[in-house]
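Colleague:
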Amino acid sequence: DDDSISRIGQWPWPRAVFAEAFSKLNKKPPRAVGLDVIFSEPSRVGGSDDGALSEVLKNISYPVVMPIEASPLTIGKNGEATAVKTVSPIDIIKNNPTVTLGHVNLITDKDGVVRRFPLSFINQPDSDKFLAFSYEILKQSAVPVVDGQSLSAISRIAYSSPPGSIKRIPFWRALSDEAVDLENKIVLIGATAPDLHDEQLTPFSRGTAMAGVEIQANIANMLISGYRLMPLSGPAMLAWLFGAALLPAVIFMVWRRSLAPLFINIIFGIGYLILIILFFERGLAANLLHINFAWILSTGSLFGYRYFVGEKERREIKQVFSKYVSKDVLNVILQDPSKLSLGGTEKEITVFFSDIRGFTTLSEKTTPQELVRILNRYFTVMTEEVLKNGGVLDKYIGDAIMAFWGAPLDDPKQADNAFRASLAMVKKLQDFNAELTAAGDPEINIGIGLYTGPAIVGNIGSEMRFDYTVIGDTVNVASRLEGLNKEYKTHIIIGESTKKKITGDWPFKFLGSAAVKGRKEPLNIYTVDGY
Numbered sequence: 001d002d003d004s005i006s007r008i009g010q011w012p013w014p015r016a017v018f019a020e021a022f023s024k025l026n027k028k029p030p031r032a033v034g035l036d037v038i039f040s041e042p043s044r045v046g047g048s049d050d051g052a053l054s055e056v057l058k059n060i061s062y063p064v065v066m067p068i069e070a071s072p073l074t075i076g077k078n079g080e081a082t083a084v085k086t087v088s089p090i091d092i093i094k095n096n097p098t099v100t101l102g103h104v105n106l107i108t109d110k111d112g113v114v115r116r117f118p119l120s121f122i123n124q125p126d127s128d129k130f131l132a133f134s135y136e137i138l139k140q141s142a143v144p145v146v147d148g149q150s151l152s153a154i155s156r157i158a159y160s161s162p163p164g165s166i167k168r169i170p171f172w173r174a175l176s177d178e179a180v181d182l183e184n185k186i187v188l189i190g191a192t193a194p195d196l197h198d199e200q201l202t203p204f205s206r207g208t209a210m211a212g213v214e215i216q217a218n219i220a221n222m223l224i225s226g227y228r229l230m231p232l233s234g235p236a237m238l239a240w241l242f243g244a245a246l247l248p249a250v251i252f253m254v255w256r257r258s259l260a261p262l263f264i265n266i267i268f269g270i271g272y273l274i275l276i277i278l279f280f281e282r283g284l285a286a287n288l289l290h291i292n293f294a295w296i297l298s299t300g301s302l303f304g305y306r307y308f309v310g311e312k313e314r315r316e317i318k319q320v321f322s323k324y325v326s327k328d329v330l331n332v333i334l335q336d337p338s339k340l341s342l343g344g345t346e347k348e349i350t351v352f353f354s355d356i357r358g359f360t361t362l363s364e365k366t367t368p369q370e371l372v373r374i375l376n377r378y379f380t381v382m383t384e385e386v387l388k389n390g391g392v393l394d395k396y397i398g399d400a401i402m403a404f405w406g407a408p409l410d411d412p413k414q415a416d417n418a419f420r421a422s423l424a425m426v427k428k429l430q431d432f433n434a435e436l437t438a439a440g441d442p443e444i445n446i447g448i449g450l451y452t453g454p455a456i457v458g459n460i461g462s463e464m465r466f467d468y469t470v471i472g473d474t475v476n477v478a479s480r481l482e483g484l485n486k487e488y489k490t491h492i493i494i495g496e497s498t499k500k501k502i503t504g505d506w507p508f509k510f511l512g513s514a515a516v517k518g519r520k521e522p523l524n525i526y527t528v529d530g531y
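Anchor point for the sequence shown: position 125 equals 125 in full-length UniProt numbering, and the numbering is continuous, going up by one each time.
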């Protein structure tokens, strides 16, 4: 471990370090020790170092299991594991009466996770059979393996806990004068420091690898407890796969589209809960990869069908309105498209027009590039207020902005919302002019016209291009009111129909009656003091 490396020194340690540890453990002998370190080469310190360890191993009173590793390990069709070449401790260490060998080979699946281990392997040159490391430790400890007949040649590892859960004692404590009472315990010694790279991914890992010695401890625990992992039978697995593929289709048929994803997730969660119960209570392990694939394939196909066929209307609506309305308004429309009529309908709406005063002067005193930059910034600032207050941006006409409220969704507060947006624009104009002044550009002024009345709303245009817009007398009147601001030297002019629908105590000022082209009777018009 890292703590011991910092105290004892750089890895690999001299064999005398292990000799000292084994000697001190002998004062209160453990039941057995499994040393997951292969001394496959003579010590770099010298022959006396190997001799020191060998001498201690001859005299201790407990068994020590050391690792042997097949390189490579071959698994036949019947599950029998064989090896042609092995790596094991040097003779002076392994040829001691207290030392036996157990193999440390694990099987890594294609996803990089260790789930299985060979119960034994046969070394082909001499036909020697070596039990798995943990199995050999239990054998030397005289600890019975519970339900050993249920083990197969290639057994699944029933992990009992995530990485780092099994009790650890720093190695340096075995060398200190502090008492480490491991009497009659099964002790495994191995590398846990990440820099030593003896780690593997396990089903418990979640991105954190487990030390090889801890995997061996999990195998030992599994053998002692009798807990096993058994794969689901073929028919049971087929039933789960069939259910995973069929249930999403049934849910889509029974429940409304908006509720289907919720019920799919609920059923999926219940299914996983059942599998978890089967796993912990019965040790039955299902191939979740196959079940997940069937579920995802079925659900994905249904959602794909829904998207490309059932959701065509939603895509069209989003395509039409995404540039005109705020995200909040668009979400309301998408939740219930039945409220929307794109083919053309007459509705009461509030139309907004604004125009820049002094635009000619501005264009004369700036370059084309600067003018475009200023206009883009101006439109961004003003359009934010339209969308923020639930309006629909209809179009930009030169330096003018046209917007409306009351469509595509009914808005009982359309006049209030349009009025608030207008007031906010006048306030924003002060900040915008400050930006212009700081840049050395001339200030601008704006005029706003608001009028409420009936208009035709819908997709209007040609087969090549159409826009969602409004037409009618109400639009013409709002445009005319906007133009009167120059005459009355005001920022905002409101028609009487709009004023009557605005709630709250506002300081409206009557400007008089104005003639509007196409109308016989003049219109009463108003402004608001302070703006």
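All residues carry an ideal CB built from backbone N, CA and C; glycine is no exception.
What residue range is occupied by the uninterrupted alpha helix (DSSP H) comprising F362?
Modeller: Taking the first residue of the sequence shown as 1, we reach residue 362 at position 362. Looking at the sequence provided, one finds Leu at residue 362 rather than Phe. It spans F359 to K365 - the alpha helix (DSSP H) in which L362 sits, taken as one unbroken run.
Colleague: With a cut-off of 8 Å on the beta carbons, I'd call F353 and A400 a contact; round off their distance for me.
Modeller: Counting from one through the sequence shown, the residue named residue 353 turns up at place 353. Counting from one through the sequence shown, the residue named residue 400 turns up at place 400. Rounded, the Cβ-Cβ distance is 6 Å, consistent with contact.
Colleague: For Y159, which three-state DSSP category applies?
Modeller: If you number the sequence shown from 1, residue 159 lands on position 159. Of the three classes helix, strand and coil, the one that applies to Y159 here is coil, per DSSP.
Colleague: One question on the structure: do G344 and G458 come within less than 8 Å of each other, judged by their Cβ atoms?
Modeller: Sequence index remark: in the sequence shown, residue 344 carries index 344 (1-based). Sequence index remark: in the sequence shown, residue 458 carries index 458 (1-based). Yes; because the gap between Cβ atoms is below 8 Å, this pair is in contact.
Colleague: Which whole-angstrom value is the C-beta distance of L375 and A418, which I expect to be below 8 Å?
Modeller: Here residue 375 corresponds to residue number 375 of the sequence shown, with the count starting at 1. Here residue 418 corresponds to residue number 418 of the sequence shown, with the count starting at 1. 23 Å between Cβ atoms; not a contact.
Colleague: From V17 to L175, what distance separates their C-alpha atoms?
Modeller: Indexing the sequence shown from 1 puts residue 17 at position 17. Indexing the sequence shown from 1 puts residue 175 at position 175. One C-alpha to the other measures close to 8 Å.
Colleague: Return the first residue and the last residue of the beta strand (DSSP E) that E69 is part of.
Modeller: Here the question's residue 69 lines up with position 69 in the sequence shown. First-last of the beta strand (DSSP E) with E69: V64 to A70.
Colleague: Among P203, A19 and V470, which one has its Cα closest to the Cα of D49?
Modeller: Residue numbering aside, residue 49 sits at position 49 when the sequence shown is read from its first letter. Answer by Cα proximity: A19.
Colleague: Looking only at its chain, what residues have a beta carbon closer than 6 Å to the beta carbon of R480, apart from the 5 residues adjacent to it on each side?
Modeller: As a first step, residue 480 must be located in the sequence shown, where it is residue number 480. Excluding positions up to five away in sequence, the list reads V516.
Colleague: Is it true that the stretch 52-61 meets the stretch 78-95, where meeting means three or more beta-carbon pairs spaced less than 8 Å apart?
Modeller: Yes, the stretch 52-61 is in contact with the stretch 78-95.
Colleague: Give me the Cα-Cα distance between I525 and L423, rounded to the nearest whole angstrom.
Modeller: In the sequence shown, counting from the first residue as 1, residue 525 sits at position 525. In the sequence shown, counting from the first residue as 1, residue 423 sits at position 423. Spanning the two alpha carbons is a distance of roughly 17 Å.
Colleague: Take every Cβ of the stretch 142-156, pair it with every Cβ of the stretch 191-205, and state whether three or more of those distances are shorter than 8 Å.
Modeller: Verdict: no, contact absent.
Colleague: Starting from the C-beta of R173, find all residues in its chain whose C-beta is less than 8 Å away, skip the five residues before and the five after it, and write them out in chain order.
Modeller: Counting from one through the sequence shown, the residue named residue 173 turns up at place 173. V180, listed in sequence order.
Colleague: Please report how far the alpha carbon of P170 lies from the alpha carbon of L151, in whole angstroms.
Modeller: On the sequence shown, position 170 is the one that residue 170 refers to. On the sequence shown, position 151 is the one that residue 151 refers to. Their Cα atoms are separated by approximately 33 Å.
Colleague: Under the rule that 16 or more other beta-carbon atoms within 10 Å means buried, what is S141, buried or exposed?
Modeller: Looking up residue 141 in the sequence shown gives position 141. That one is buried.
Colleague: Along the chain, where does the alpha helix (DSSP H) containing N485 start, and where does it finish?
Modeller: Indexing the sequence shown from 1 puts residue 485 at position 485. Looking at the DSSP string, the run of the alpha helix (DSSP H) that includes N485 is D473 to Y488.
Colleague: Report, in whole angstroms, the separation of the C-beta atoms of I157 and N105, which I expect to be a contact under 8 Å.
Modeller: Reading the sequence shown from its first residue, position 157 is the one you call residue 157. Reading the sequence shown from its first residue, position 105 is the one you call residue 105. Actually they do not touch by this definition, with Cβ atoms about 13 Å apart.
Colleague: Is L119 closer than 8 Å to S155 when the C-beta atoms are compared?
Modeller: Within the sequence shown, residue 155 is the residue found at index 155, counting from 1. Within the sequence shown, residue 119 is the residue found at index 119, counting from 1. Cβ distance < 8 Å, so S155 and L119 count as in contact.
Colleague: I need the DSSP call for G283, collapsed to helix, strand or coil.
Modeller: For this step, residue 283 is matched to residue 283 along the sequence shown. Low per-residue confidence applies at G283: pLDDT is 48, beneath 50, and the placement is therefore not dependable, though the value from the model is reported in the following sentence. Coil, per DSSP.
Colleague: Quick one: using the 10 Å Cβ neighbour count with 16 as the cut-off for buried, is I471 buried or exposed?
Modeller: Stepping through the sequence shown from its first residue, residue 471 is reached at position 471. Classification for I471: exposed.
Colleague: Ignore the nearest five residues each way along the sequence and tell me which others in W11's own chain have a CB closer than 7 Å to its CB.
Modeller: By one-based count along the sequence shown, residue 11 stands at place 11. Cβ within range, chain order: I5 and L196.
Colleague: At what residues does the alpha helix (DSSP H) containing F419 begin and finish?
Modeller: Position 419 of the sequence shown, counting from 1, holds the residue named residue 419. Here the alpha helix (DSSP H) through F419 covers Q414 to A438.
Colleague: Nearest-angstrom Cα distance between S225 and E41?
Modeller: Taking the first residue of the sequence shown as position 1, residue 225 is located at position 225. Taking the first residue of the sequence shown as position 1, residue 41 is located at position 41. The straight-line gap from Cα to Cα measures roughly 36 Å.
Colleague: Nearest to S61 by alpha carbon, out of V33, I38 and G453?
Modeller: Along the sequence shown, one-based indexing puts residue 61 at 61. Per the Cα distances, V33.
Colleague: Between L73 and S88, which are expected to be in contact by the criterion C-beta below 8 Å, what is the C-beta distance as a whole number of angstroms?
Modeller: Residue numbering aside, residue 73 sits at position 73 when the sequence shown is read from its first letter. Residue numbering aside, residue 88 sits at position 88 when the sequence shown is read from its first letter. Contact flag wrong, Cβ pair sits at about 14 Å.
Colleague: Decide if E346 is buried, meaning its Cβ has at least 16 other Cβ atoms within 10 Å, or exposed.
Modeller: Within the sequence shown, residue 346 is the residue found at index 346, counting from 1. That one is exposed.
Colleague: Answer yes if the stretch 477-495 comes into contact with the stretch 384-391, meaning at least three C-beta pairs across the two stretches below 8 Å, and no otherwise.
Modeller: No, the stretch 384-391 does not touch the stretch 477-495.
Colleague: To the nearest angstrom, how far is it from the Cα of W405 to the Cα of E384?
Modeller: Taking the first residue of the sequence shown as 1, we reach residue 405 at position 405. Taking the first residue of the sequence shown as 1, we reach residue 384 at position 384. Cα to Cα, the separation comes out at about 14 Å.
Colleague: Given this structure, state the Cα-to-Cα distance separating G283 from G46, to the nearest angstrom.
Modeller: One-based indexing of the sequence shown puts residue 283 at position 283. One-based indexing of the sequence shown puts residue 46 at position 46. For G283, the predicted structure reports a pLDDT of 48, less than 50, and the residue's modelled location is therefore unreliable. A value from the coordinates is still provided. Between G283 and G46, the C-alpha separation is close to 50 Å.
Colleague: To the nearest angstrom, report how far apart S363 and V351 are at their CA atoms.
Modeller: Start at 1 with the first residue of the sequence shown, and residue 363 comes out as number 363. Start at 1 with the first residue of the sequence shown, and residue 351 comes out as number 351. One C-alpha to the other measures close to 28 Å.
Colleague: Since I186 and I137 should fall inside the 8 Å C-beta cutoff, what is the C-beta to C-beta distance between them, to a whole number of angstroms?
Modeller: The residue given as residue 186 occupies position 186 in the sequence shown. The residue given as residue 137 occupies position 137 in the sequence shown. I186 to I137, Cβ: 6 Å. Contact.
Colleague: Report the rounded CA-to-CA distance for I446 versus I356, giving the unit in angstroms.
Modeller: The residue you call residue 446 lines up with position 446 of the sequence shown. The residue you call residue 356 lines up with position 356 of the sequence shown. The straight-line gap from Cα to Cα measures roughly 4 Å.
Colleague: Going by beta-carbon coordinates alone, are L223 and P30 separated by less than 8 Å?
Modeller: Position 223 of the sequence shown holds residue 223. Position 30 of the sequence shown holds residue 30. Cβ atoms of L223 and P30: not closer than 8 Å.
Colleague: Could you name the residues of the same chain whose beta carbon sits closer than 7 Å to that of V113, not counting the 5 residues immediately before and after it, in chain order?
Modeller: Locating residue 113 in the sequence shown gives position 113, counting from the first residue. So the qualifying residues of the chain are L201, T202 and P203.
Colleague: Where DSSP assigns a beta bridge to H103, which residues make up the other side?
Modeller: Translated into the one-based positions of the sequence shown, residue 103 becomes position 103. BP columns for H103 point to I68 and A132.
Colleague: Mapping the DSSP letters down to three states, classify D467 as helix, strand or coil.
Modeller: Taking the first residue of the sequence shown as position 1, residue 467 is located at position 467. Strand.
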